[in-house]
Amino acid sequence: MRGATRAKWAVWVMVVVALAAAGCGGGRSVGKGGAVRASWGDPQNPLEPANTNEVQGGKVLDMIFRGLKRYDPKTGEAVDVIADRIETEDQQHFTVTIKDGWSFSNGEKVTAHSFVDAWNYGAAIGNEQKNASFFQYIDGYDKVHPDSGSPSAKTLSGLAVKDDRTFTVKLNQKFSTWPDTLGYAAFSPLPKAFFDDHDGWIKKPIGNGPYTVRSYDKGTVMRLAKWDAYPGPDKARNNGVELRVYTDNNTAYTDLQAGNLDLADDIPAQQLRNVKADLGDRYINQPAGIVQTLAFPMYDKGWSKSGMAKVRKGLSMAINRKQITDEIFQKTRVPATDWTSPVLRAEGGYKPGLCGSACSYDPARAKRLIAEGGGLPGGKVTVTSNVDTGSHRVWMDAVCNSINNVLDSEKACTVNPIGTFADFRNKLGGHQMTGPFRAGWQMDYPLIQDFLQPLYYTDASSNDGKFSDPEFDRLVDKANGESDKAKAVSDFQDAEKVLADQMPVIPLWYQNGSAGYSESISNVALNQFSVPVYNEIKVN
Amino acid sequence: MGRYVIRRLLQMIPVFIGSTFLIFFMVYALGDPVAALFGDKAPDPATAAQIRKDLYLDEPLWKQYLHYMGQVLQGNFGTAFNGQKVTELMGTAFPVTLRLTLVAIVLEMVIGIVLGVFSGLRRGRAVDTTVLLLTLIVVSVPTFVSGYLLQYVFGVKWETAAASVAPEAPLGELLLPGLVLALVSLAYVTRLTRTSIAENARADYVRTAVAKGLPRRRVIIRHLLRNSLIPVVTFIGTDIGSLMGGAIVTERIFNIHGVGYQLYQGILRQNSPTVVGFVTILVIVFLLANLLVDLLYAVLDPRIRYA
Chain A
1 MRGATRAKWA VWVMVVVALA AAGCGGGRSV GKGGAVRASW GDPQNPLEPA
51 NTNEVQGGKV LDMIFRGLKR YDPKTGEAVD VIADRIETED QQHFTVTIKD
101 GWSFSNGEKV TAHSFVDAWN YGAAIGNEQK NASFFQYIDG YDKVHPDSGS
151 PSAKTLSGLA VKDDRTFTVK LNQKFSTWPD TLGYAAFSPL PKAFFDDHDG
201 WIKKPIGNGP YTVRSYDKGT VMRLAKWDAY PGPDKARNNG VELRVYTDNN
251 TAYTDLQAGN LDLADDIPAQ QLRNVKADLG DRYINQPAGI VQTLAFPMYD
301 KGWSKSGMAK VRKGLSMAIN RKQITDEIFQ KTRVPATDWT SPVLRAEGGY
351 KPGLCGSACS YDPARAKRLI AEGGGLPGGK VTVTSNVDTG SHRVWMDAVC
401 NSINNVLDSE KACTVNPIGT FADFRNKLGG HQMTGPFRAG WQMDYPLIQD
451 FLQPLYYTDA SSNDGKFSDP EFDRLVDKAN GESDKAKAVS DFQDAEKVLA
501 DQMPVIPLWY QNGSAGYSES ISNVALNQFS VPVYNEIKVN
Chain B
1 MGRYVIRRLL QMIPVFIGST FLIFFMVYAL GDPVAALFGD KAPDPATAAQ
51 IRKDLYLDEP LWKQYLHYMG QVLQGNFGTA FNGQKVTELM GTAFPVTLRL
101 TLVAIVLEMV IGIVLGVFSG LRRGRAVDTT VLLLTLIVVS VPTFVSGYLL
151 QYVFGVKWET AAASVAPEAP LGELLLPGLV LALVSLAYVT RLTRTSIAEN
201 ARADYVRTAV AKGLPRRRVI IRHLLRNSLI PVVTFIGTDI GSLMGGAIVT
251 ERIFNIHGVG YQLYQGILRQ NSPTVVGFVT ILVIVFLLAN LLVDLLYAVL
301 DPRIRYA
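Going down the list, the sequences are from chains A and B.
Each residue of the first sequence is one higher than the one before, starting from 1 at the first, in full-length UniProt numbering.
Each residue of the second sequence is one higher than the one before, starting from 1 at the first, in full-length UniProt numbering.
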């Protein structure tokens with residue numbers, strides 16, 4: 001039977017192919033030389049410190065750079081690292097003295113020049129650094145970074161080097177907590193190699209942190225090795241880290257389960273239900289400095305006329321935050337009761353309940369308040385956000401349902417989904433909103449100032465709703481001039497009470513950072529920016 | 001033959017211009033991408049303006065297109081937002097995807113044609129029905145379902161294959177993703193071959209060959225199969241293009257950093273130079289693959305000639 005032999009032959013081909021498909025691969029059980037294998041995303045921008053404004057690039061900077069200060073991963077307190085002392089008499093002129101003995105991994109000493117040159121580079125408009133605005137409080141910023149036209153100076157006039165270990169900073173306003181902002185990566189020192197061979201530096205960054213970059217294949221993998229001669233106290237407790245780019249956090253999670261990955265720091269929403277069963281206590285879910293809010297377009301007469309504060313408060317009370325954070329986000333978000341974040345802790349200005357009853361779900365009062373305030377403008381409200389990431393569509397639908405249920409109407413609240421984030425940002429920038437819109441805020445540094453001033457001060461950079469209140473501005477100014485930290489915090493909280501009173505922005509929830517890790521590593525934690533503290537990880 | 005090829009190559013020029021034009025306008029119609037570069041913050045107006053100027057985004061659309069095409073003709077595909085040259089991205093992405101596509105095409109040819117021949121020769125019998133049923137199932141399951149399923153079964157449950165592909169993308173690790181990528185096309189190849197074989201098995205030239213007393217193997221491979229492959233070759237030819245561009249889902253599931261990954265990333269970040277550049281290359285691949293298929297016809301069927 002020729003047919004039968006041929007059939008057999010075909011079966012064999014199939015079996016061989018299937019076996020080949022199944023048999024190959026596998027066997028990548030440990031990283032090279034005891035390195036921690038961690039998930040990563042392709043950084044959006046080149047890895048320059050003043051140009052990195054998202055978590056993925058931030059992970060690398062946190063490993064290869066140390067600045068004047070660093071935020072303690074546990075408490076969020078800004079502690080001196082390279083700074084020996086930062087002194088001021090008037091909250092506007094600062095003298096920075098740096099410690100001796102610090103150097104970059106190529107041997108170059110870290111001096112006052114390393115900082116001043118780096119900051120001048122970051123502020124100059126021609127370098128197109130996305131974090132340039134961090135230097136806006138330094139005197140002369142408007143000369144090197146004019147709103148339009150070409151710059152009239154190359155360096156910040158407020159920065160002056162006195163000697164190798166000292167430089168002075170003059171700010172253009174009083175800002176008592178300014179030294180505490182210096183833990184942000186944008187303020188990192190830069191070696192000469194950065195300026196001399198910029199392309200080479202971008203391909204393989206050189207810094208002064210506990211790790212050095214061993215190899216970097218853009219878009220796929222970065223291998224970092226422990227720097228043995230690191231002079232700081234927080235030496236790496238593992239031999240190195242291998243950052244692997246994943247396009248899909250589902251795949252990273254699958255790889256974690258399959259033992260191909262040690263640390264996945266973004267658990268996909270679909271897996272949140274199973275993560276406890278899959279990982280047990282190797283799942284981390286802890287607060288991060290991110291707060292999600294719904295901002296009102298205060299430039300729209302319909303929302304800002306007198307009496308509307310009641311309507312805005314009523315809408316806030318109509319949102320069942322707890323149900324949404326429990327059901328949709330599986331407790332990776334926590335209902336917000338103020339405008340800051342739990343990572344600030346009580347000393348830093350976080351005050352749960354500051355918003356009062358306006359942030360708790362109360363259908364009866366919500367309905368009454370909205371009616372008292374004159375009802376919704378035009379009888380309806382439209383909630384707007386981009387829907388390309390972050391399950392925004394899902395929670396917006398839930399928020400609208402909640403409002404509709406309270407108002408006994410199917411049409412009171414509708415969702416206006418915007419396809420891309422860029423489009424959404426363009427519409428915000430053009431002040432085209434006619435109803436509340438999503439306003440997420442990821443802190444730059446763990447200070448209460450960062451949660452208030454850039455967002456609600458008159459004409460502040462991220463004040464997209466154009467909220468303006470003289471009392472709020474006055475209290476923020478007062479806080480910034482306060483030499484005592486506790487007093488400053490309490491002034492900021494007074495300013496926050498103005499928000500509670502006017503409700504130009506509804507606090508929704510605090511966002512947590514999540515991560516899962518394998519059995520082969522331990523001592524894993526996230527810092528306030530939801531970046532894993534890599535140098536503390538131990539390999540078992 | 002030579003003139004035919006030249007004519008076809010010339011025809012590609014308007015197709016190329018037209019398609020890049022369309023892609024360019026569609027990508028740029030999505031809006032201003034610079035606003036998305038600053039995270040949740042409002043962009044700093046001065047910095048944003050400077051970036052727009054550098055990327056030619058402050059010019060009218062038609063000027064941008066002319067500038068872009070001028071650069072492309074000089075071999076400069078522009079720079080992605082993360083500061084990498086698009087040609088550099090292509091240099092890393094295309095070899096990986098090419099390897100994945102090759103694995104997929106080989107799998108789909110070998111398995112598809114063998115299965116097709118068998119079921120075609122045994123029309124209506126158990127083997128035929130089984131194969132038909134299997135292909136029906138495969139065709140109706142979307143790639144992302146079969147992808148995650150096979151990844152979980154082989155990668156996590158049995159741990160016989162890597163759940164994801166290493167950055168170097170060695171051939172061995174590409175077998176499973178290649179199979180996932182090939183599955184649907186494989187089913188089509190099987191069905192096409194089967195129908196074609198079943199039809200031709202009763203043709204006069206096959207009967208003559210059998211009557212001449214040729215061995216059965218020779219009849220099937222030289223006479224029957226060669227003629228029956230024409231529709232299959234057409235399909236596989238067009239499939240090369242779509243496999244290379246359409247691997248987005250598979251590449252995402254298995255974390256392969258190829259063309260699909262770059263396209264996905266580019267679209268997500270509205271990185272127009274990346275998207276337009278990659279699609280332009282894909283258009284060329286598609287056009288060339290089609291030309292190759294047309295030329296293959298003449299090889300398979302001597303009756304077809306190109307003047």
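Virtual Cβ for every residue (Gly too), placed ideally from N, Cα, C.
Does any CB atom of chain B fall closer than 8 Å to the CB of residue 147 of chain A?
By the rule that beta-carbons nearer than 8 Å mark a contact, residue 147 of chain A touches chain B.
Taking residue 246 of chain A as the query, report the chain B residues whose CB atoms sit under 7 Å from its CB, ordered along the chain.
Here the neighbours are 255.
Residue 535 of chain A to residue 132 of chain A, Cα distance in whole Å?
Answer to the nearest angstrom: the Cα atoms are 28 Å apart.
Looking only at its chain, what residues have a beta carbon closer than 6 Å to the beta carbon of residue 20 of chain B, apart from the 5 residues adjacent to it on each side?
Cβ contact annotation for residue 20 of chain B (same chain, cutoff 6 Å, sequence separation greater than five): 280, in chain order.
Assumed close pair residue 533 of chain A, residue 73 of chain A - CB separation to whole angstroms, cut-off 8 Å
With a Cβ gap of about 5 Å, residue 533 of chain A and residue 73 of chain A count as contacting.
Taking residue 167 of chain B as the reference, which of A:260, A:230, A:202, A:179 has the closest Cα?
A check of alpha carbon separations from residue 167 of chain B across A:260, A:230, A:202, A:179 identifies A:260 as the nearest.
Can you tell me the Cβ-Cβ gap for residue 263 of chain A and residue 506 of chain A, rounded? I've got them flagged as a contact below 8 Å.
About 35 Å separates the beta carbon of residue 263 of chain A from that of residue 506 of chain A, a gap too long to meet the 8 Å contact definition.
Skipping 5 residues on each side, what residues in its chain have a beta carbon closer than 6 Å to that of residue 22 of chain A?
Caution is warranted here: a pLDDT of 40 is assigned to residue 22 of chain A, below 50, making its placement in the model unreliable, and the coordinate value is therefore given only provisionally. The answer is none, since no qualifying residue turns up.
What residues in the stretch 440 to 452 of chain A bring their beta carbon closer than 7 Å to a beta carbon of chain B?
Those residues of the stretch 440 to 452 of chain A that come within reach of chain B (Cβ to Cβ, closer than 7 Å) are 440, 441, 442.
Please work out which residues of its chain come closer than 6 Å, Cβ to Cβ, to residue 175 of chain A, disregarding the five sequence neighbours upstream and downstream, and give them in chain order.
Here the set comprises 137, 480.
Which residues in chain B sit within 8 Å of residue 429 of chain A, going by Cβ to Cβ distance?
For residue 429 of chain A, the C-beta contacts it makes with chain B under 8 Å involve 35, 42, 43, in order along the chain.
Tell me the residue span of the beta strand (DSSP E) that contains residue 12 of chain B.
No beta strand (DSSP E) contains residue 12 of chain B, which is instead part of the alpha helix (DSSP H) from 2 to 29.
Distance, Cα to Cα, residue 93 of chain B vs residue 460 of chain A?
Taking the straight line joining both Cα atoms gives about 42 Å.
Look at the Cβ atom of residue 78 of chain A, then the Cβ atom of residue 96 of chain A, and state whether they are nearer than 8 Å.
Taking 8 Å as the Cβ cut-off, residue 78 of chain A and residue 96 of chain A do not qualify as a contacting pair.
Taking the alpha-carbon of residue 265 of chain B as reference, which of B:47, B:61, B:86, B:29 has the nearest alpha-carbon?
Comparing Cα-Cα distances from residue 265 of chain B to each of B:47, B:61, B:86, B:29, the minimum goes to B:86.
In chain B, what lies closer than 8 Å to residue 166 of chain A by C-beta?
Those within 8 Å of residue 166 of chain A in chain B number zero; the least Cβ separation is about 30 Å.
Between residue 91 of chain A and the rest of its own chain, which residues show a CB-CB distance below 7 Å, the 5 nearest in sequence each way excluded?
The residues are 174, 175, 176, 481, 483.
Does DSSP put residue 208 of chain B in a helix, a strand or coil?
For residue 208 of chain B, the three-state secondary structure derived from DSSP is helix.
Minimum Cβ-Cβ distance from residue 219 of chain A to chain B less than 8 Å
Closer than 8 Å to some Cβ of chain B, the Cβ of residue 219 of chain A qualifies, so yes.
Cutoff 6 Å; reference residue 370 of chain A; Cβ partners in own chain excluding five residues on either side
So the list reads 311, 314, once near-sequence residues are dropped.
I'd like to know whether the C-beta atoms of residue 76 of chain A and residue 442 of chain A end up nearer to each other than 8 Å.
Their beta carbons are not under 8 Å apart, which means residue 76 of chain A does not touch residue 442 of chain A by this criterion.
Which residues mark the beginning and the end of the alpha helix (DSSP H) in which residue 400 of chain A is found?
Looking at the DSSP string, the run of the alpha helix (DSSP H) that includes residue 400 of chain A is 392 to 407.
Beta carbon of residue 193 of chain B, beta carbon of residue 228 of chain B: below 8 Å?
Between residue 193 of chain B and residue 228 of chain B, the gap from beta carbon to beta carbon is short of 8 Å.
Residues near residue 183 of chain A in its chain [Cβ-Cβ closer than 7 Å; skip 5 each side]
Within the same chain, residue 183 of chain A has close Cβ partners 67, 69, 70, 71, 78, 445.
Listed by chain order, chain A residues near residue 38 of chain B by CB distance under 7 Å
Simply 53, 130.
Going along the chain, which residues of its own chain have a beta-carbon closer than 6 Å to the beta-carbon of residue 187 of chain B, five neighbours each way excluded?
If you ignore the 5 residues before and after residue 187 of chain B, its C-beta comes within less than 6 Å of the C-beta of 135, 138, 139, all in its own chain and listed in chain order.
Since residue 236 of chain B meets chain A, which of its residues come closer than 8 Å, beta carbon to beta carbon?
Against chain A, a Cβ distance below 8 Å from residue 236 of chain B picks out nothing, because the smallest value is about 17 Å.
Against chain B, does residue 43 of chain A count as a neighbour if the rule is that its beta carbon must be under 8 Å from one of theirs?
Yes, residue 43 of chain A counts as interfacial toward chain B.
For residue 181 of chain B versus residue 104 of chain B, is the C-beta distance shorter than 8 Å?
Their beta carbons are under 8 Å apart, which means residue 181 of chain B touches residue 104 of chain B by this criterion.
C-beta neighbour in chain B for residue 425 of chain A, strict 8 Å:
Contact of residue 425 of chain A with chain B is assigned, a C-beta pair being separated by under 8 Å.
Residue 203 of chain B - DSSP class collapsed to helix/strand/coil:
In the structure shown, residue 203 of chain B adopts coil according to DSSP, grouped into three states.
Of all the residues that make up the stretch 408 to 425 of chain A, which are near chain B by a beta-carbon distance shorter than 8 Å?
Using a CB distance below 8 Å, the part of the stretch 408 to 425 of chain A facing chain B consists of 419, 420, 421, 422, 423, 425, ordered along the chain.
Tell me, which residues are paired with residue 167 of chain A by DSSP?
BP columns for residue 167 of chain A point to A:96, A:161.
Report the rounded CA-to-CA distance for residue 248 of chain B versus residue 261 of chain B, giving the unit in angstroms.
Cα-Cα distance, rounded: 6 Å.
Can you name the start and end residues of the alpha helix (DSSP H) that residue 117 of chain B belongs to?
Note, residue 117 of chain B: alpha helix (DSSP H), 86 to 121.
Cβ closer than 9 Å: which chain B residues qualify as neighbours of residue 202 of chain A?
Chain B residues near residue 202 of chain A: 83.
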